[in-house]
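Using UniProt numbering, the letters of the sequence shown correspond one by one to residues 1 to 370.
In what follows, a single structure is set out as structure tokens and then discussed.
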Amino acid sequence: MSFRDDVASFLATTPRPEGLHDYGPTPASSDVAAGRRWQRTLAEHGYACLHWPREHGGSDASVADQAAFAEECARAGVPRQLSMVGPDLVGPVLMGFGSRTQQDLHLPRIRDGRDLWCQLFSEPGAGSDLAAVTTRAIRQPDGSWRIRGQKVWTSAADSADLGLLLARSGGPGPGGLSVFVVPMANQGITVRPLRQMDGESKFNEVFLDDVVLHADQVVGTPGAGWQVAKATLGRERLSLGANAVGMFESIAELETAAAEHGRLDDSLRDEIVKAWIRVWLMRVTWERAIEEETDPSGATFSVLKLLTSETYRDIADLGGAALGPAALEEEQPLVKRMLVGHAQTILGGTSEIQRTILAERILGLPRAPR
């Protein structure tokens with residue numbers, strides 16, 4: 001029996017917490033309770049944090065097995081973990097840069113779902129350019145740090161127990177950054193949910209007003225924040241191919257909706273076929289990336305991120321053609337997919353950034369003026 005078969009059997013036979021659904025990489029506040037219970041179930045059966053080393057409770061799973069798990073979870077309609085940030089970003093960062101005390105304290109609680117993390121990186125003036133972060137970390141005479149600044153687009157900040165904070169502890173540029181562990185219940189932290197046009201509020205603004213952190217809450221050494229931040233990038237791309245499952249479902253939904261609304265003419269049918277072909281090409285690219293690349297920040301995964309984002313966007317736009325005037329009715333199942341479709345070309349690295357990476361690092365074209 002293959003690993004994929006084992007996963008499929010587990011997902012088909014294991015009881016699910018009430019209210020659990022595939023909420024994607026980040027739970028909304030209403031998803032957190034079921035997500036925590038599901039994470040605990042995954043940990044009990046050996047399916048939590050598959051990519052972690054065995055010494056930290058993982059399975060040392062191959063990239064192919066990680067991807068198979070993600071795809072089977074998508075097919076079963078369940079999240080592959082409580083949240084992307086803790087297992088995929090914070091865990092490996094603590095293993096690579098954190099102290100033994102930080103590892104012993106936080107890793108078990110990430111693995112079994114006791115702690116939900118958020119990532120306090122992006123700012124109003126520093127979204128794609130993290131080297132421009134301005135949130136200040138001011139060292140105090142007793143060795144502690146006082147944090148002042150604002151973060152934005154922070155997923156799950158309103159439910160998170162802890163945050164991974166990128167702040168400026170020194171001068172300008174990447175060399176002046178440090179990374180900290182921030183208990184989200186600390187005094188001076190204000191979280192303001194941002195209502196999205198699909199009705200959810202998974203993103204938040206976070207204000208840090210003289211938040212005090214202890215010296216042992218620095219990850220790595222002061223000034224090494226850029227190296228820590230770079231280590232968090234790209235991990236989510238291991239599961240990009242799992243998006244094909246949801247995209248095929250979306251195509252089937254919009255074809256059915258178009259027929260119901262009398263809009264499935266030859267022109268729209270041609271566009272649906274083209275979208276179906278693009279999803280298959282995306283999935284094949286994903287499989288090739290898994291075979292060729294062990295580093296999820298590699299070039300093939302940048303191609304995959306670009307393909308996935310823009311295919312998702314274009315399928316969402318087809319929903320408008322399928323529904324016509326009915327797209328204005330909020331109760332239509334396709335409407336939510338349509339509303340969030342264009343966000344895919346922004347989150348996780350914009351399409352423009354992916355093209356710049358490919359142009360400069362793969363094609364060797366001259367760097368854009370800075």
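Don't be surprised by glycine CBs; every beta carbon is placed ideally from N, CA and C.
Being a predicted model, the structure only gives us computed values, none of them experimental.
Which residue or residues does DSSP assign as beta-bridge partners of D209?
In the DSSP output, where bridge partners are listed per residue, D209 has R148.
Endpoints, the beta strand (DSSP E) within which G143 is located
For G143, there is no enclosing beta strand (DSSP E), since its DSSP letter is neither H nor E.
Does the segment 194-203 touch the segment 64-75, meaning 3 or more C-beta pairs lie closer than 8 Å?
no
Contact check, L116 vs E72 under 8 Å by CB: the rounded distance?
L116 to E72, Cβ: 23 Å. No contact.
Which residues bound the beta strand (DSSP E) around I138?
R136 to R139
To the nearest angstrom, how far is the alpha carbon of L89 from that of G98?
13 Å
Within this structure, are the beta carbons of R278 and T311 separated by less than 9 Å?
In this structure, the beta-carbon distance from R278 to T311 falls below 9 Å.
By how many angstroms is the C-alpha of Q119 removed from the C-alpha of E205?
12 Å
Counting only the same chain and skipping the five closest in sequence on each side, list residues whose C-beta sits under 7 Å from that of A68.
Take A68, set aside five residues on each side of it, and the residues of its chain with a beta-carbon closer than 7 Å to its own are F3, R4 and V7, in chain order.
Roughly how many angstroms lie between the CA atoms of G91 and I110, to the nearest whole one?
Inter-residue distance for G91 and I110 is about 7 Å (C-alpha atoms, whole angstroms).
Kindly indicate which three-state DSSP category I272 falls into: helix, strand or coil?
helix
With burial defined as no fewer than 16 other Cβ atoms inside 10 Å of the residue's Cβ, what is the status of L328: buried or exposed?
L328 is classed as exposed because its beta carbon has fewer than 16 other beta carbons within 10 Å across all chains shown.
Keeping to the same chain, check which residues put their C-beta closer than 8 Å to that of A131; ignore five residues upstream and five downstream.
G173, P174, L177 and W226
Just the Cα atoms here: how many angstroms apart are I272 and D266?
10 Å
Tell me the rounded alpha-carbon separation between A275 and S159.
36 Å
For V273, is the beta carbon positioned less than 8 Å from some heavy atom of the ligand SAH?
For the ligand SAH, the structure offers nothing, since it holds no ligand at all.
For G188, I'd like the list of residues in its chain whose CB is within less than 7 Å of its CB, leaving aside the five on either flank, ordered along the chain.
The answer, listed in chain order, is L208, D209, D210 and V211.
Buried or exposed for G96, please, with buried defined as at least 16 other CB atoms from any protein chain shown within 10 angstroms of its CB.
exposed
Specify the secondary structure class of R111 as computed by DSSP and reduced to three states.
If DSSP states are grouped into helix, strand and coil, R111 belongs with the helices.
Is the segment 303-310 touching the segment 338-358 in the sense that three or more CB pairs, one from each, lie closer than 8 Å?
yes
If you draw a straight line from the alpha carbon of I357 to that of A368, how long is it in whole angstroms?
Those two C-alpha atoms are separated by around 11 Å.
Residue 375 to V133 span [Cα, whole Å]:
This structure does not reach residue 375, given that the chain is present from 1 up to 370, and the question cannot be answered.
Backbone CA spacing between L105 and W153 [nearest angstrom]
27 Å
For E292, which residues in the same chain have their Cβ closer than 7 Å to its Cβ, ignoring the five residues on either side in sequence?
T300
Per DSSP, which residues does P193 bridge with? Please list them.
N204
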